[in-house]
Amino acid sequence: MDPGPIEDALVRIVGRAHALDAPDHRAGYEVDWTGQFRGQARMVVRPASTAEASACVAACARRGVPLVAQGGNTGLVGGSVPDGTGDAVVLSTRRLTDIGTVDQPGAQITVGAGVTLQGLNEHLRPHRLELGIDLAARGSATVGGMAATNAGGIHVIKHGSMRRRISGIEAVLGDGAVVSHLAGLDKDNTGYDLSSLLCGSEGTLGVITAVRLRLVPMAVERVTALTAWAGMRPMIEGLAQLRRALPALEAAEYMVRPGVELVLDRYQLSDPFPAPYPAYLLIEVGAEHDPTSEFATAIAALEGVRDVAVALDGQARERLWALRELHTEALSAAGPPRKYDVTVPPVSIPDFLDQVVAELVAGTTCHHFGHLADGNVHLNVLGVGDRPDAELDEIDGRVLGLVARHGGSISAEHGIGRAKRRWLGLSRSAAEISAFRAIKTGLDPAGIMNPGVLLPDLG
Ligand SMILES: Cc1cc2nc3c(=O)[nH]c(=O)nc-3n(C[C@H](O)[C@H](O)[C@H](O)COP(=O)(O)OP(=O)(O)OC[C@H]3O[C@@H](n4cnc5c(N)ncnc54)[C@H](O)[C@@H]3O)c2cc1C
């Protein structure tokens with residue numbers, strides 16, 4: 047029997063007010079944060095519960111209609127927006143905002159997928175707990191999107207990325223079935239870990255509707271300093287020293303002069319140092335008790351550091367962090383940049399960067415900054431915006447090929463999305479990709495969940 051138009055079915059499930067089909071109502075859901083990925087949705091639906099989300103997915107599966115899950119739409123690889131065909135339904139999770147009670151003895155909480163990172167941490171503050179993950183898009187990025195991308199951020203050095211912080215997930219699979227494993231048991235050896243599988247699946251296996259999260263004690267005391275270096279190599283040696291001296295080291299973010307200058311100029315900020323330096327490492331220690339004395343001792347013992355600016359109050363801390371966190375926005379304004387979020391072993395970063403610059407074509411500028419302890423480099427190539435697609439593909443292949451030759455990963459924390467799927471084979475073997483396809487077919491038999499994302503085309 048003909049199930050009837052998908053649009054009518056979706057309106058019946060979520061109500062007229064939450065089934066958006068007018069172009070101006072859909073517009074904000076059809077373009078990503080970078081502005082580089084644009085598409086067209088058949089309709090945007092905003093379910094208010096797991097049951098509604100399940101009914102939406104089942105209705106799409108029955109009709110073979112593609113579905114794109116979207117949280118805060120801050121992803122940087124084009125996975126959160128539909129393609130240009132106008133076939134796909136966007137399912138926004140922003141109304142899934144239930145917050146459960148804080149399990150104090152277990153240090154866990156269950157929250158709806160649409161809760162933002164900032165909203166979660168504000169809720170946790172009176173309980174003196176936090177998620178242990180932080181990133182500059184905190185005001186918009188949702189817990190569901192962070193799970194779906196296995197988000198990293200600035201505290202991975204201390205608390206790991208999202209997969210380590212998740213103890214259970216509830217999700218709607220590609221046929222509409224709901225899997226819910228939210229007891230949060232640390233000891234639970236009962237078969238496949240679907241939560242871990244859904245973490246990092248980028249909306250290709252199901253829609254995550256709720257997440258059980260492991261929390262960490264809130265770092266009430268934080269000490270922050272910007273250190274200046276003669277180059278990347280001495281800075282990496284300095285980081286090794288800092289890691290030994292400061293077990294509570296929470297962030298080690300690097301920048302280089304051209305990026306810092308871009309941020310200083312664009313936002314009219316003042317340089318924390320009287321002179322420019324080639325490289326900078328922003329370090330932060332977070333603890334329940336004042337870590338100032340051990341921090342000062344570690345900094346004083348640092349070899350090769352040229353200058354240090356310590357933040358003595360909250361405003362000074364924000365000023366130092368602004369230098370790092372405004373990089374993404376400043377580069378977008380100067381761009382559009384070609385973005386590569388990659389990992390290489392920290393010791394290999396200087397050689398890798400030298401070789402990347404040598405590989406790039408004339409007329410381009412390569413900016414880079416990142417999470418030094420994780421070996422996570424955010425490369426942003428400016429000056430390629432108007433090149434033909436074939437040339438851009440060739441540049442991607444050269445940069446990502448170099449990452450693979452250094453034993454790195456072509457996606458450190460943003461995922462594969464649409465941007466990198468043809469290069470997945472550089473980081474994953476043919477056998478792994480074939481296992482991925484088998485999992486995809488098993489959990490999404492109609493192939494409706496975010497087609498065109500993560501898995502490369504066959505052939
Ligand atoms: C300024 C800035 C700084 C950033 N810094 C970092 C950083 O330091 N570390 C880092 O890891 N990322 C960073 N990001 C990228 C981004 O914030 C993360 O990828 C984040 O996890 C995306 O969350 P979101 O809710 O916006 O997801 P979206 O952008 O909406 O979606 C991202 C992907 O997840 C899927 N998805 C979303 N919600 C769900 C769901 N409920 N169920 C199933 N699939 C879903 C989408 O289909 C898409 O494939 C940054 C982004 C910006 C703009």
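The opening position of the sequence shown corresponds to residue 47 in my numbering, with each subsequent residue numbered one higher.
All C-beta atoms in this analysis are idealised placements derived from N, C-alpha and C, irrespective of residue type, glycine included.
Just so it is clear, the structure is predicted and the values come from calculations on it, not from any experiment.
Selected residue, minimal CA-CA separation from residue i, among the options
i: V189; options: A342, Y313 and Q164; result: Q164
i: Q150; options: P320, V449, A347 and V262; result: V262
i: T195; options: S457, H201, G185 and I494; result: S457
i: F319; options: L295, L285 and A357; result: A357
i: P280; options: V499, S100 and E349; result: E349
i: L122; options: N167, A465, D503 and M278; result: A465
i: H373; options: A182, V114 and R58; result: A182
i: A104; options: D400, S226, P491 and D503; result: P491
i: A68; options: H414, A321, R268 and M89; result: M89
i: G461; options: L166, H424 and L438; result: H424
i: E176; options: V407, G381, I494 and A333; result: A333
i: L472; options: P497, G463, A481 and G443; result: G443
i: L231; options: A153, T162, A274 and R290; result: A153
i: R290; options: T270, G381, A419 and D239; result: A419
i: R384; options: G237, E168, P434 and H335; result: P434
i: Q401; options: D336, R365 and L448; result: L448
i: A408; options: G429, V388 and F415; result: G429
i: V388; options: L406, G431 and H414; result: H414
i: I203; options: L285, T156, V57 and L406; result: L285
i: G553; options: G214, S480 and D133; result: Absent from the model: residue 553. The displayed extent of the chain is 47 to 505, so no value can be given.
i: P396; options: E307, M278, L366 and D503; result: M278
i: T411; options: G381, D439 and H417; result: G381
Close beta carbons around residue i, own chain, < 6 Å, minus the five adjacent residues each side
i: H452; result: V390, S394 and F398
i: L292; result: V331 and A344
i: G305; result: H373, H413 and F415
i: V269; result: V331, P337, T338 and F341
i: A55; result: A105
Proximal residues to residue i (C-beta, below 8 Å), its chain only, five neighbours per side dropped
i: V60; result: V91, R92, P93, A94, E98 and C102
i: I212; result: A193, S241, S242, C245, V257, R258, L259 and R260
i: A309; result: Note that residue 309 is Val in the sequence shown, not Ala. Excluding sequence neighbours, V309 sits near L315, A368, L369, L372, H373 and A376.
i: V52; result: According to the sequence displayed, residue 52 carries Ile and not Val. R88, M89, A105, C106, R109, V111 and V135, listed in sequence order.
i: T162; result: G118, R184, G185, S186, A187, T188 and V189
i: A379; result: R312
Extent of the continuous beta strand (DSSP E) run through residue i
i: R303; result: Counting along the chain, R303 falls outside any beta strand (DSSP E), though it belongs to the alpha helix (DSSP H) covering R303 to Y313.
i: H173; result: Note, H173: premise wrong, no beta strand (DSSP E); not H, not E.
i: E216; result: I212 to L219
i: F482; result: No beta strand (DSSP E) holds F482; the alpha helix (DSSP H) holding it covers A476 to L489.
Close-in-space but distant-in-sequence residues of the same chain around residue i (CB under 7 Å, 5 per side omitted)
i: G514; result: Look at the range of the chain in this structure, 47 to 505, and you will see that residue 514 is not part of it.
i: H201; result: G178, I179, D180, E296 and A297
i: K486; result: T250, L251 and L501
i: R483; result: L501
i: M495; result: L113, G220, G249, T250, L251 and G252
i: L166; result: V157, L177 and V189
N- and C-terminal bounds of the alpha helix (DSSP H) containing residue i
i: Q287; result: M278 to A291
i: E340; result: T338 to A346
i: T273; result: Not the alpha helix (DSSP H): T273 falls in the beta strand (DSSP E), residues E267 to W275.
i: F415; result: Note, F415: premise wrong, no alpha helix (DSSP H); beta strand (DSSP E) at T411 to H417.
i: D442; result: D435 to R451
i: H71; result: P69 to R72
i: Q361; result: G360 to E371
Counting beta carbon pairs with one atom in the stretch 167–174 and one in the stretch 206–224, are three or more of them shorter than 8 Å?
Contact between the stretch 206–224 and the stretch 167–174 is absent, because fewer than three Cβ pairs lie under 8 Å.
For the stretch 63–81 against the stretch 127–135, are there 3 or more C-beta pairs whose distance is under 8 Å?
yes
Three or more beta-carbon pairs under 8 Å between the stretch 323–334 and the stretch 293–313, yes or no?
yes
Could you tell me whether the stretch 214–233 touches the stretch 263–270, using the rule of 3 or more Cβ pairs below 8 Å?
no
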